[in-house]
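Chains as they are written, first to last, in the numbering used here: chain A, 1 to 442; chain B, 1 to 442. We put the CB at the ideal spot given by N, CA and C, even for glycine.
2 protein chains.
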Amino acid sequence: MLDYNAPLMTDMYEYTMLDATLQDGTANRDCVFEVFTRHLPQNRRYGVLAGTGRLLEALKDFHFAEDDLRFLADRHIVNKSTIDYLERFEFTGTIRGYREGEVYFPDSPVLQVEGKFGECTLLETLILSILNYDSAVAAAASRMTSAAKGRPCMDMGGRRTNEWAAVAAARASIVGGFRGTANLLAAKLYDLLAIGTAAHAFTLVHDSERAAFESQIAALGRNTTLLVDTYDIEQAVKLAVEVAGPELGGVRIDSGDLASLAQRVRNQLDALGATNTKITVTNDLDEYAIASLQTAPVDSYGVGTQLVTGSGSPTCSMVYKLVERTGDDGRMQPVAKKSKDKATVPGRKLAYRSYEYSLAECEHVVSGPVAELDCFEPGDGWRNLLVDFVDHGQIDDAYTGHDAIMDAQKHHAEALAELPITAQSLMKGDPVIPTQMVTLPW
Amino acid sequence: MLDYNAPLMTDMYEYTMLDATLQDGTANRDCVFEVFTRHLPQNRRYGVLAGTGRLLEALKDFHFAEDDLRFLADRHIVNKSTIDYLERFEFTGTIRGYREGEVYFPDSPVLQVEGKFGECTLLETLILSILNYDSAVAAAASRMTSAAKGRPCMDMGGRRTNEWAAVAAARASIVGGFRGTANLLAAKLYDLLAIGTAAHAFTLVHDSERAAFESQIAALGRNTTLLVDTYDIEQAVKLAVEVAGPELGGVRIDSGDLASLAQRVRNQLDALGATNTKITVTNDLDEYAIASLQTAPVDSYGVGTQLVTGSGSPTCSMVYKLVERTGDDGRMQPVAKKSKDKATVPGRKLAYRSYEYSLAECEHVVSGPVAELDCFEPGDGWRNLLVDFVDHGQIDDAYTGHDAIMDAQKHHAEALAELPITAQSLMKGDPVIPTQMVTLPW
Chain A
1 MLDYNAPLMT DMYEYTMLDA TLQDGTANRD CVFEVFTRHL PQNRRYGVLA
51 GTGRLLEALK DFHFAEDDLR FLADRHIVNK STIDYLERFE FTGTIRGYRE
101 GEVYFPDSPV LQVEGKFGEC TLLETLILSI LNYDSAVAAA ASRMTSAAKG
151 RPCMDMGGRR TNEWAAVAAA RASIVGGFRG TANLLAAKLY DLLAIGTAAH
201 AFTLVHDSER AAFESQIAAL GRNTTLLVDT YDIEQAVKLA VEVAGPELGG
251 VRIDSGDLAS LAQRVRNQLD ALGATNTKIT VTNDLDEYAI ASLQTAPVDS
301 YGVGTQLVTG SGSPTCSMVY KLVERTGDDG RMQPVAKKSK DKATVPGRKL
351 AYRSYEYSLA ECEHVVSGPV AELDCFEPGD GWRNLLVDFV DHGQIDDAYT
401 GHDAIMDAQK HHAEALAELP ITAQSLMKGD PVIPTQMVTL PW
Chain B
1 MLDYNAPLMT DMYEYTMLDA TLQDGTANRD CVFEVFTRHL PQNRRYGVLA
51 GTGRLLEALK DFHFAEDDLR FLADRHIVNK STIDYLERFE FTGTIRGYRE
101 GEVYFPDSPV LQVEGKFGEC TLLETLILSI LNYDSAVAAA ASRMTSAAKG
151 RPCMDMGGRR TNEWAAVAAA RASIVGGFRG TANLLAAKLY DLLAIGTAAH
201 AFTLVHDSER AAFESQIAAL GRNTTLLVDT YDIEQAVKLA VEVAGPELGG
251 VRIDSGDLAS LAQRVRNQLD ALGATNTKIT VTNDLDEYAI ASLQTAPVDS
301 YGVGTQLVTG SGSPTCSMVY KLVERTGDDG RMQPVAKKSK DKATVPGRKL
351 AYRSYEYSLA ECEHVVSGPV AELDCFEPGD GWRNLLVDFV DHGQIDDAYT
401 GHDAIMDAQK HHAEALAELP ITAQSLMKGD PVIPTQMVTL PW
């Protein structure tokens with residue numbers, strides 16, 4: 001495993017706030033923080049939560065190395081007694097939230113973190129970094145997967161985002177429905193299908209396109225995918241079948257008018273007897289381009305830039321807000337800020353989705369005192385959206401690792417299928433179901 | 001230092017291409033690869049190269065751990081003799097390029113990698129990941145810094161991008177002119193100024209705003225920055241000066257109409273005698289918002305989302321293309337692909353910037369055979385844009401670490417100052433100087 005350094009992937013103010021609250025005692029107040037977004041990006045119809053598994057894995061790494069503590073001390077970011085606190089730091093709180101792969105809407109409480117103020121504060125930046133980026137990629141992947149209508153989409157975006165973000169993006173793309181990734185570190189860490197073809201440089205380093213194709217077939221077998229647009233596509237396809245025979249696995253087209261090229265290449269391949277040879281297209285694809293290729297004889301899509309940058313929305317505006325905490329009397333009290341356009345709804349939330357004719361029709365977000373929430377009766381057939389990830393510091397391993405990613409992919413497909421079909425329209429518009437906020441009397 | 005795993009931050013096809021070319025012998029051909037972009041994003045006027053220092057640091061880590069090799073073997077990505085090659089892998093090539101912080105334009109050869117095909121191929125993904133993301137952030141930071149007209153801009157964007165990307169973004173923001181970052185890991189790794197204020201949760205966890213302010217002052221001293229928009233800004237400012245005295249370091253406003261609020265708060269602070277108390281504003285700032293605040297009495301800007309997502313352009317479309325390689329006769333030959341809209345210019349390049357009245361007027365990109373390039377005479381006063389970073393595997397440490405970042409910041413400011421002032425306009429338009437491609441006879 002990698003040396004992750006989760007504790008310092010954090011804004012300085014989390015530490016200075018910890019420092020001040022340890023001194024005045026409020027660091028030990030019981031708190032509930034919630035993660036939510038006020039709006040979906042770009043008039044999208046739904047969001048896709050991703051990153052939960054990564055977050056839980058990062059939480060396991062949330063321990064301070066000696067040189068981290070030295071850094072915090074040397075820079076006078078916190079004082080000596082806070083260093084002592086950090087040395088012994090262990091998150092002992094409880095985390096629940098929407099399942100990875102779940103769809104969400106404005107004000108959905110996608111994550112709820114319950115614990116002492118001090119420990120919950122330290123997690124803010126890391127939680128938001130992970131969920132904001134991974135969910136942005138998963139949402140793009142979900143839209144592309146829908147647009148591809150069953151044809152496999154593959155992540156080839158690593159080179160267009162930060163080298164670590166690329167690893168997270170590969171994982172999040174699988175949550176959103178992608179089948180494989182070109183990124184080897186992601187394939188290794190999360191046991192994902194690794195895929196790839198060849199670059200133009202491979203053709204160019206050889207004395208001829210024929211030499212390049214022969215070399216690739218010799219090394220990777222006939223089932224490989226040959227890149228056919230370095231010089232002239234028609235000649236390259238002819239050559240490819242000549243070299244590999246009709247058992248050639250696939251060809252990739254990376255430039256030009258992909259729809260009409262795919263059609264020409266399909267006909268050419270069929271005429272050459274290579275009827276099972278697949279056509280992969282790449283070249284700045286996004287969900288709109290993929291949708292426009294629906295009638296073209298394309299077998300799979302390789303997606304880069306637009307996947308790893310969230311197709312126009314590289315982040316999700318998720319925030320982490322204190323909604324409840326104990327007062328001097330030890331009793332939980334709802335709290336909320338009143339900032340203009342950024343006011344929050346006090347109190348911890350329950351979250352349910354209700355259905356009509358097996359289709360989701362409303363997101364119900366219910367807040368109120370624990371005693372009231374405990375006896376809240378959801379409507380008939382409402383689905384409880386909150387699951388437990390961490391119980392008093394104990395991380396549930398069912399939500400980490402490879403299997404959790406595949407579970408999330410399956411769960412996402414099911415959650416999406418439950419939404420009104422408008423969700424899969426690429427048209428801009430309101431969230432496909434409304435969020436109803438219900439406040440029980442305090 | 002962190003366990004980086006540079007070799008696997010790579011698309012699978014780099015390895016399968018290596019495998020095939022090791023078998024047919026072309027892996028040992030001498031090659032020149034170049035990094036460039038065909039266009040600047042969103043009709044920007046200039047680009048800012050960043051990430052070079054990180055790339056050189058990653059190159060030092062480009063060695064294979066045993067379990068990486070096992071992964072490559074177990075997945076049958078490469079065969080046994082390629083594993084042997086990787087076990088001994090060491091980059092022995094030469095890398096030159098634009099200095100970190102340099103401005104660039106379409107077709108500027110921002111990086112040139114010279115070596116054997118095999119070793120150059122393995123670096124492609126990592127080089128592009130680093131340069132594409134870091135340059136996107138640096139360009140956004142540069143535009144924001146220009147718009148801020150000398151007022152300091154601070155990176156507070158970590159929570160809105162992948163947790164590792166956040167570290168790279170903090171560093172790139174400094175290259176683009178930012179003064180500090182909230183990100184502690186970036187501050188630690190690169191010895192940067194760490195900055196921060198407090199969150200709304202800090203106010204809310206206390207029984208009153210007064211208790212929160214008193215706690216922060218007690219822990220951090222009067223020179224701290226208090227967040228004043230949790231409830232009512234006017235009351236909070238009054239309270240802040242009451243608690244801290246007129247020596248209060250600063251206040252932060254994070255919501256509402258920042259210009260008019262800053263004006264009111266400035267007047268209120270002055271009336272209370274807190275004439276040296278600074279005003280920091282945050283809240284979805286970008287270069288346009290910062291420009292619109294020029295006449296408001298703001299002292300510094302905290303920038304989040306729009307910084308770390310490249311202000312609408314989260315990546316730079318840089319590509320890595322083979323331009324020259326040896327043939328069977330051992331002589332270097334120019335190569336180029338002919339793909340529609342993606343054709344490349346063959347041959348290694350020289351790059352110069354020419355000036356008129358001390359202002360840049362043209363980017364000259366000169367290609368041709370080495371013998372011709374060697375005796376190419378640049379025009380009077382042309383600046384050679386290519387510097388040497390790696391000489392036959394030897395990395396020049398002058399371009400890594402903290403000092404290199406500060407050098408890059410300084411160099412960027414100088415390079416930007418040399419451009420026609422239109423560069424600093426936020427209006428969309430053509431690159432501020434043209435790129436002239438010159439081909440010497442082969």
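With a threshold of 8 Å on Cβ separation, who are the neighbours of B:A262 within its own chain once the five nearest residues in sequence on each side are excluded?
I253, I279, V281, L293, A296, P297 and V298
Please report how far the alpha carbon of A:I405 lies from the alpha carbon of A:L126, in whole angstroms.
20 Å
Bounding residues of the alpha helix (DSSP H) (the contiguous stretch that carries B:E324)
Premise fails: B:E324 lies in the beta strand (DSSP E), M318 to T326, not in any alpha helix (DSSP H).
Can you list, in chain order, the residues of its chain with a C-beta nearer than 7 Å to that of B:R266? Leave out the 5 residues immediately preceding and following it.
I279 and P297
Using 8 Å as the limit for Cβ to Cβ distance, is A:P152 near chain B?
At least 8 Å separates the CB of A:P152 from every CB of chain B.
Cβ of A:Q268 within 8 Å of Cβ of A:V228?
no
Going residue by residue through the stretch 38-67 of chain A, where are the continuous alpha helix (DSSP H) segments of at least 4 residues, counting only ones entirely within it?
52-60
Look at the Cβ atom of A:A172, then the Cβ atom of A:N183, and state whether they are nearer than 8 Å.
no
Start-to-end residues for the beta strand (DSSP E) that takes in A:Y13
Run containing A:Y13: none in the beta strand (DSSP E); it sits in the alpha helix (DSSP H), M12 to D24.
Buried or exposed: which applies to A:A166, given that a residue is buried once 16 or more other Cβ atoms fall within 10 Å of its Cβ?
It counts as buried.
So is A:I83 in contact with chain B if we call contact Cβ pairs under 8 Å?
no
Assuming the contact rule is C-beta atoms closer than 8 Å, A:F71 and B:K188 should be a hit. Round their C-beta distance to whole Å, please.
5 Å
Near A:Y46, which residues of its chain fall below 6 Å by C-beta distance, leaving aside the five closest residues on each side in sequence?
V103, A423 and V432
Buried or exposed for B:M192, going by 16 or more other Cβ atoms inside 10 Å?
Checking the sequence shown, residue 192 of chain B turns out to be Leu, not Met. Answer is buried; the Cβ neighbour count reaches 16.
Residue-chain proximity (A:V335, chain B), Cβ-Cβ < 8 Å
yes
Whole runs of the beta strand (DSSP E) within the stretch 274-312 of chain B, excluding any shorter than 3 residues:
278-281 and 300-303
Less than 8 Å between C-beta atoms, sequence neighbours within five positions excluded: which residues of the same chain meet that for B:F376?
L350, V366, G368 and L440
Cutoff 6 Å; reference B:S317; Cβ partners in own chain excluding five residues on either side:
T37
Hey, is A:A367's beta-carbon within less than 8 Å of any beta-carbon in chain B?
It should be pointed out that residue 367 of chain A corresponds to Ser in this sequence rather than to Ala. No, A:S367 lies away from the interface with chain B (no Cβ there is under 8 Å from its Cβ).
Can you name, in chain order, every residue of its own chain whose Cβ lies under 7 Å from the Cβ of A:K321, other than the five neighbours on each side?
F33, E34 and T344
Of all the residues that make up the stretch 390-414 of chain B, which are near chain A by a beta-carbon distance shorter than 7 Å?
none
Closer than 6 Å by C-beta to B:A244: which residues in its own chain qualify, once you throw out the five before and the five after it? Chain order, please.
I217 and R222
Run through DSSP, which three-state label would B:P334 get?
strand
From A:H206 to A:P246, what distance separates their C-alpha atoms?
23 Å
By Cβ distance below 7 Å, which residues in the same chain neighbour A:L69 in space, the five residues on each side in sequence not counted?
I83, L86 and E87
Does the beta-carbon of A:A198 have 16 or more other beta-carbons within 10 angstroms, so that it is buried, or is it exposed?
buried
To which residues does DSSP link B:L111 through a beta bridge?
Looking at the DSSP assignment, B:L111 forms a beta bridge with B:V35 and B:G97.
What number of angstroms, rounded off, separates the C-alpha of B:M1 from the C-alpha of B:A398?
With a pLDDT of 36 at B:M1, under the threshold of 50, the modelled position of that residue is not reliable, and the figure given next carries that caveat. Taking the straight line from one Cα to the other gives about 18 Å.
Under 7 Å, CB to CB, which of the residues in the stretch 185-219 of chain B have a partner in chain A?
L185, K188, A194, I195, G196, T197, A198, A199, H200, A201, F202, L204, V205, H206, D207, S215, Q216, A218 and A219
Expected contact under 8 Å - CB spacing of A:T305 and A:G157 to nearest Å
6 Å
Three-way DSSP call (helix, strand, coil) for B:G196 in this model
coil
Specify, as a first and last residue, the run of the alpha helix (DSSP H) that B:D84 falls within.
K80 to E87
Backbone secondary structure at A:M9 - three-state DSSP
coil
Pull the bridge partners of A:C362 from the DSSP assignment, please.
A:S354
Can you give me the Cβ contacts of A:H402 inside the same chain, cut-off strictly under 7 Å, excluding the 5 residues immediately before and after it?
Y190 and D191
Which of helix, strand or coil does DSSP assign to B:G455?
No answer is possible for residue 455 of chain B: it lies beyond the span of chain B, which begins at 1 and ends at 442.
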